[in-house]
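Participant:
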Amino acid sequence: MKIAAIAGSNANHSYNRMLLEFMAHHFKDQDQIDVIDIRQVPMFNESFKGDAPEVIKDIDQRIKAADAVIIASPEYNHSITSALKSVVEWLSYKVHPLTGKPVMTIGASTKDQGASRSQVQLRDILISPGINASVYQGDEFFMSNVTSLMDYDGHVTDEGTIHFLEKCMNGFRFYAKAIDQMNKEMNNK
Amino acid sequence: MMKILAFAGTNADFSYNRLLLRFMKKHFKQMADIEIYEVGKLPPFSVDTSLSEQTEVWKLKQKIKAADGLVFSTPEYDHGIPAVLKSAIEWMSYHTKVMDKKPAMIVGVAYGRQASARSQVQMRQILISPDCNTNLIPGNEVLIGNVRDTFAKDGRLVDQKAIDNLEECFEHFIEYIQIFQNVDKGELNMAVKQPTISDAYIQFPTGRLSLKEVQQIFSTIPFEVDLIDSTDHFAWYSDKPNREHVRNTASLGETVQECHPPMAVPAVMSIINSFREGKKDVVTRPLWMNGHRSLIQYYALRDINGHYLGTIEFTGSVEYILNLFENGAWDKDATTGASKKTNDSAEEPEEEMAVDASTGASESSDDSDASEDDTPLAADESGLDATTGASETGSVDAEDDTADASTGASENDD
Numbered sequence: 001m002k003i004a005a006i007a008g009s010n011a012n013h014s015y016n017r018m019l020l021e022f023m024a025h026h027f028k029d030q031d032q033i034d035v036i037d038i039r040q041v042p043m044f045n046e047s048f049k050g051d052a053p054e055v056i057k058d059i060d061q062r063i064k065a066a067d068a069v070i071i072a073s074p075e076y077n078h079s080i081t082s083a084l085k086s087v088v089e090w091l092s093y094k095v096h097p098l099t100g101k102p103v104m105t106i107g108a109s110t111k112d113q114g115a116s117r118s119q120v121q122l123r124d125i126l127i128s129p130g131i132n133a134s135v136y137q138g139d140e141f142f143m144s145n146v147t148s149l150m151d152y153d154g155h156v157t158d159e160g161t162i163h164f165l166e167k168c169m170n171g172f173r174f175y176a177k178a179i180d181q182m183n184k185e186m187n188n189k
Numbered sequence: 190m191m192k193i194l195a196f197a198g199t200n201a202d203f204s205y206n207r208l209l210l211r212f213m214k215k216h217f218k219q220m221a222d223i224e225i226y227e228v229g230k231l232p233p234f235s236v237d238t239s240l241s242e243q244t245e246v247w248k249l250k251q252k253i254k255a256a257d258g259l260v261f262s263t264p265e266y267d268h269g270i271p272a273v274l275k276s277a278i279e280w281m282s283y284h285t286k287v288m289d290k291k292p293a294m295i296v297g298v299a300y301g302r303q304a305s306a307r308s309q310v311q312m313r314q315i316l317i318s319p320d321c322n323t324n325l326i327p328g329n330e331v332l333i334g335n336v337r338d339t340f341a342k343d344g345r346l347v348d349q350k351a352i353d354n355l356e357e358c359f360e361h362f363i364e365y366i367q368i369f370q371n372v373d374k375g376e377l378n379m380a381v382k383q384p385t386i387s388d389a390y391i392q393f394p395t396g397r398l399s400l401k402e403v404q405q406i407f408s409t410i411p412f413e414v415d416l417i418d419s420t421d422h423f424a425w426y427s428d429k430p431n432r433e434h435v436r437n438t439a440s441l442g443e444t445v446q447e448c449h450p451p452m453a454v455p456a457v458m459s460i461i462n463s464f465r466e467g468k469k470d471v472v473t474r475p476l477w478m479n480g481h482r483s484l485i486q487y488y489a490l491r492d493i494n495g496h497y498l499g500t501i502e503f504t505g506s507v508e509y510i511l512n513l514f515e516n517g518a519w520d521k522d523a524t525t526g527a528s529k530k531t532n533d534s535a536e537e538p539e540e541e542m543a544v545d546a547s548t549g550a551s552e553s554s555d556d557s558d559a560s561e562d563d564t565p566l567a568a569d570e571s572g573l574d575a576t577t578g579a580s581e582t583g584s585v586d587a588e589d590d591t592a593d594a595s596t597g598a599s600e601n602d603d
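Chains as they are written, first to last, in my numbering: chain A, 1 to 189; chain B, 190 to 603.
1. Quick one: which chain A residues come within Cβ less than 7 Å of residue 275/B?
2. Just the Cα atoms here: how many angstroms apart are residue 251/B and residue 366/B?
3. Against residue 124/A, what residues of chain B qualify as contacts under a CB-to-CB distance less than 7 Å, listed in chain order?
4. Would you report the Cα separation of residue 9/A and residue 357/B, rounded to the nearest angstrom?
5. Helix, strand or coil for residue 2/A, going by three-state DSSP, please let me know.
6. Would you report the Cα separation of residue 451/B and residue 93/A, rounded to the nearest angstrom?
7. Can you confirm whether the region 148-156 of chain A touches the region 9-21 of chain A when touching is taken to mean that 3 or more C-beta pairs between the two stretches lie within less than 8 Å?
8. Quick one: using the 10 Å Cβ neighbour count with 16 as the cut-off for buried, is residue 203/B buried or exposed?
9. Strictly under 7 Å for the Cβ-Cβ distance: is residue 200/B near chain A by that measure?
10. So, are the CB atoms of residue 297/B and residue 334/B less than 7 Å apart?
11. Do residue 107/A and residue 164/A have their CB atoms nearer than 7 Å?
12. Is there at least one Cβ from chain A nearer than 7 Å to residue 310/B's Cβ?
13. On the criterion of 16 or more Cβ atoms from any shown chain inside 10 Å, does residue 102/A qualify as buried, or is it exposed?
14. For the beta strand (DSSP E) containing residue 271/B, name the first residue and the last one.
15. What residue range does the alpha helix (DSSP H) around residue 409/B cover?
16. Spell out a yes or no on whether the region 64-82 of chain A and the region 116-132 of chain A are touching, meaning 3 or more CB-CB pairs, one atom from each, closer than 8 Å.
17. Which chain B residues sit within Cβ distance under 8 Å of residue 89/A?
18. What in chain A is Cβ-close to residue 282/B, meaning under 7 Å?
19. Residue 214/B and residue 257/B: beta carbons closer than 7 Å?
20. Put residue 455/B into one of helix, strand or coil per three-state DSSP.
21. From which residue to which residue does the alpha helix (DSSP H) around residue 61/A run?
22. When the Cβ atoms of the region 484-503 of chain B are set against those of the region 279-299 of chain B, are three or more pairs found closer than 8 Å?
23. If contact means a Cβ-Cβ distance below 8 Å, which residues of the region 213-234 of chain B contact chain A?
24. With a threshold of 7 Å between beta-carbons, can residue 130/A be considered close to chain B, or not?
25. Less than 7 Å between CB atoms is the rule here; does residue 298/B satisfy it with respect to chain A?
26. Counting C-beta neighbours from all protein chains within 10 Å, is the total for residue 97/A 16 or more, i.e. buried, or is it exposed?
27. Using a Cβ cut-off of 8 Å, pull out every chain A residue sitting near residue 237/B, in sequence order please.
28. Taking the runs of the beta strand (DSSP E) that are 3 residues or longer, which of them lie wholly in the region 443-508 of chain B?
29. Is there a C-beta anywhere in chain B that falls below 7 Å from the one on residue 54/A?
30. Roughly how many whole angstroms lie between the Cα atoms of residue 361/B and residue 351/B?
31. Mind checking if residue 148/A is an interface residue toward chain B, Cβ cutoff 7 Å exclusive?
32. Answer yes or no: does any C-beta atom of chain B fall closer than 7 Å to that of residue 18/A?
33. Consider the Cβ of residue 318/B: report whether some Cβ of chain A lies at a distance smaller than 7 Å.
34. Using three-state DSSP, classify residue 535/B as helix, strand or coil.
35. According to the neighbour-count rule (16 or more other Cβ atoms, all chains shown, within 10 Å of its Cβ), is residue 467/B buried or exposed?
36. Would you say residue 459/B and residue 448/B are within 7 Å of each other, going by their C-beta atoms?
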């Protein structure tokens, strides 16, 4: 499956980006995961003149080319990062690549709760009318205390975590196929 | 009057949320002084943003400290608050406690019937998260929908129900702030009543002072004094009227990094480090402040064994002294009178004039410093202090102009 994977942090050292890069490597036999770096995305502004900044057009194309999307989000102040929210706002303005797309949210955090609140919020944002993504509601992958489960170079070192991640990915692949079929049937009608 | 900082939670050129704040500023001008802040001025939040880009962030922190309460006006984008508003909150909660316990209120306008209900719920969650920890007023929701009917073309809120609700909520908010301020004052009064404080004396080797006398001496001498303690925290400032640097008790206990504009931090740290390492004892910066000639001198504070206790910033207008000099106060006739008052300086009658400020200053450090410590000062008497400073803490004085410019800018804002 072709998956566009958005790393929801603009920090140079980001466990969420590293988690996606780990997944791209770990699942390379089944999936082609394209990790999208959002560090160059400017702050969303609805007074922006023109279609969208080049970097957003690029992200738009890469999401459109994918069968499914994964978004990895840290948590700042009980909420997703402003950097990720800015990307989502751009993607619900002049271009709408997420409409109908199967999306799975995951998150890594250095703290106990594993970015759980920001994921609940992200799911709510992704089903808003301007985006209208098909959000995968199953397995919740919250990776808490990430520094004890991943080394500094981004290798997930905990077997249990890897197993659960594989289970989540299996569930998501089925879901993405089902949504794809549903979208096709709806388009035929 | 109550000072309220109101955040327009958008960077759009046109925004009903901005119009709402402008309406509030006018409508409530007898209850509160509302300053509208544009979050679009800040850089996008990133932990990797360089210090030089953070001047605006620092300015906002100062504004928040000075405010009695915060109002957030939020539109709704995709069921959530706009990224640009979230970014501002991330700045105000990253390595800072500036919003801690600050009374806060949320208002919002949206085109549709649901107003900005969802983004306000999200905003509430964000504002009570541990790193923000605002004192958010419960209830009192200001949800204004259907903007085309509620606002007139000139930006006035015209819907009477909406105005009534806004008035009720904002009045509650002002009362809410007052209640918490009175609670704090009550606690402060308790502390003052403790008998040990008013009765205490400090026994110096050279005499005895009551705490009240100590306080009043610092308030009376024509120079203001600030202390950064040995752990680089802003520990104390003298309560002098009409200070050159206006300080706020909310800044006490902050680190050097927090209480200076980001651009000034490297220069300040290099001074402090040169003191800590024993490389220097004094740095002098003559400059224009608030329209007059002033002198800032940083002194290393040391115990009698020379261990570093902190850094004193000694600041004052030297206009009065310079005027005395320019009007010939030290010319032949006047000297007798002058030298009677300042016996110490009479020993060096030839060189007194330009040096007076620094000599005066060095006298104050005589008590704590060993006698040798004075020599660097005495050696570069005739205004050479500045250049000496330049050679040793190169970056500080070399960039004096720029440093001053940025410091000056933020001082004016205060």
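Backbone N, C-alpha and C fix where the C-beta goes; we use that ideal spot for every residue, glycine too.
None of these values were measured; they are calculated from a predicted model.
Facilitator: So, from the listed chains and residues:
1. As a working note, residue 275/B is residue 86 in the second sequence. The contacting residues are 79, 82 and 85.
2. Here residue 251/B refers to the residue found at position 62 of the second sequence. Here residue 366/B refers to the residue found at position 177 of the second sequence. Using only the alpha carbons, I get a separation of about 19 Å.
3. By 1-based counting over the first sequence, the position of residue 124/A is 124. Within 7 Å Cβ-Cβ: 268.
4. Within the first sequence, the letter at position 9 stands for residue 9/A. Within the second sequence, the letter at position 168 stands for residue 357/B. Whole-angstrom Cα-Cα distance: 40 Å.
5. Reading the first sequence from its first residue, position 2 is the one you call residue 2/A. Correct three-state label for residue 2/A: strand.
6. To locate residue 451/B, count along the second sequence from 1; it is residue 262. To locate residue 93/A, count along the first sequence from 1; it is residue 93. Cα to Cα, the separation comes out at about 35 Å.
7. yes
8. By 1-based counting over the second sequence, the position of residue 203/B is 14. It is exposed - the Cβ of residue 203/B has fewer than 16 other Cβ atoms within 10 Å.
9. Indexing the second sequence from 1 puts residue 200/B at position 11. So, interface residue.
10. Translated into the one-based positions of the second sequence, residue 297/B becomes position 108. Translated into the one-based positions of the second sequence, residue 334/B becomes position 145. Contact flag unset, no.
11. One-based indexing of the first sequence puts residue 107/A at position 107. One-based indexing of the first sequence puts residue 164/A at position 164. Not a contact, by the Cβ cut-off of 7 Å.
12. On the second sequence, residue 310/B is found 121 positions in, with the first residue counted as 1. Chain A contact via Cβ: absent.
13. For the purposes of this step, residue 102/A is taken as the residue at position 102 of the first sequence. The residue is buried, with at least 16 neighbouring Cβ atoms inside 10 Å.
14. Against the second sequence, residue 271/B aligns to sequence position 82. First-last for residue 271/B: undefined, no H or E at that position.
15. Indexing the second sequence from 1 puts residue 409/B at position 220. Where residue 409/B is concerned, the enclosing alpha helix (DSSP H) stretches over 400-409.
16. yes
17. Residue 89/A sits at position 89 when you count from the first residue of the first sequence. Per Cβ cutoff of 8 Å: 266, 267, 271 and 272.
18. Within the second sequence, residue 282/B is the residue found at index 93, counting from 1. Correct list: 77.
19. Reading the second sequence from its first residue, position 25 is the one you call residue 214/B. Reading the second sequence from its first residue, position 68 is the one you call residue 257/B. It is not a contact, given that the beta carbons lie outside the stated cut-off.
20. Counting from 1 along the second sequence, the entry for residue 455/B is found at position 266. It is helical.
21. For this step, residue 61/A is matched to residue 61 along the first sequence. Start and end: 54-64.
22. no
23. 229, 233 and 234
24. Within the first sequence, the letter at position 130 stands for residue 130/A. Residue 130/A counts as touching chain B.
25. The count along the second sequence starts at 1 and reaches residue 298/B at position 109. It does not: the Cβ of residue 298/B has no partner Cβ on chain A nearer than 7 Å.
26. Translated into positions along the first sequence, residue 97/A becomes position 97. With 16 or more Cβ atoms within 10 Å of its Cβ, residue 97/A is classed as buried.
27. As a working note, residue 237/B is residue 48 in the second sequence. The contacting residues are 10, 11 and 12.
28. 471-478, 481-491 and 497-506
29. Counting from 1 along the first sequence, the entry for residue 54/A is found at position 54. Output row for residue 54/A: interface = no.
30. Along the second sequence, read from residue 1 onward, the residue named residue 361/B stands at position 172. Along the second sequence, read from residue 1 onward, the residue named residue 351/B stands at position 162. C-alpha separation (whole angstroms): 15 Å.
31. Within the first sequence, the letter at position 148 stands for residue 148/A. Cβ-Cβ to chain B under 7 Å: no for residue 148/A.
32. Here the question's residue 18/A lines up with position 18 in the first sequence. Residue 18/A does not count as touching chain B.
33. Within the second sequence, numbered from 1, the residue matching residue 318/B stands at position 129. Closer than 7 Å to some Cβ of chain A, the Cβ of residue 318/B qualifies, so yes.
34. By 1-based counting over the second sequence, the position of residue 535/B is 346. Any reading at residue 535/B is ruled out, since the residue's pLDDT is 42, under 50, leaving its predicted position unreliable.
35. As a first step, residue 467/B is located in the second sequence; it is residue number 278 there, counting from the start. Exposed is the call here.
36. Numbered from its first residue, the second sequence carries residue 459/B at position 270. Numbered from its first residue, the second sequence carries residue 448/B at position 259. In this structure, residue 448/B does not lie closer than 7 Å to residue 459/B by Cβ.
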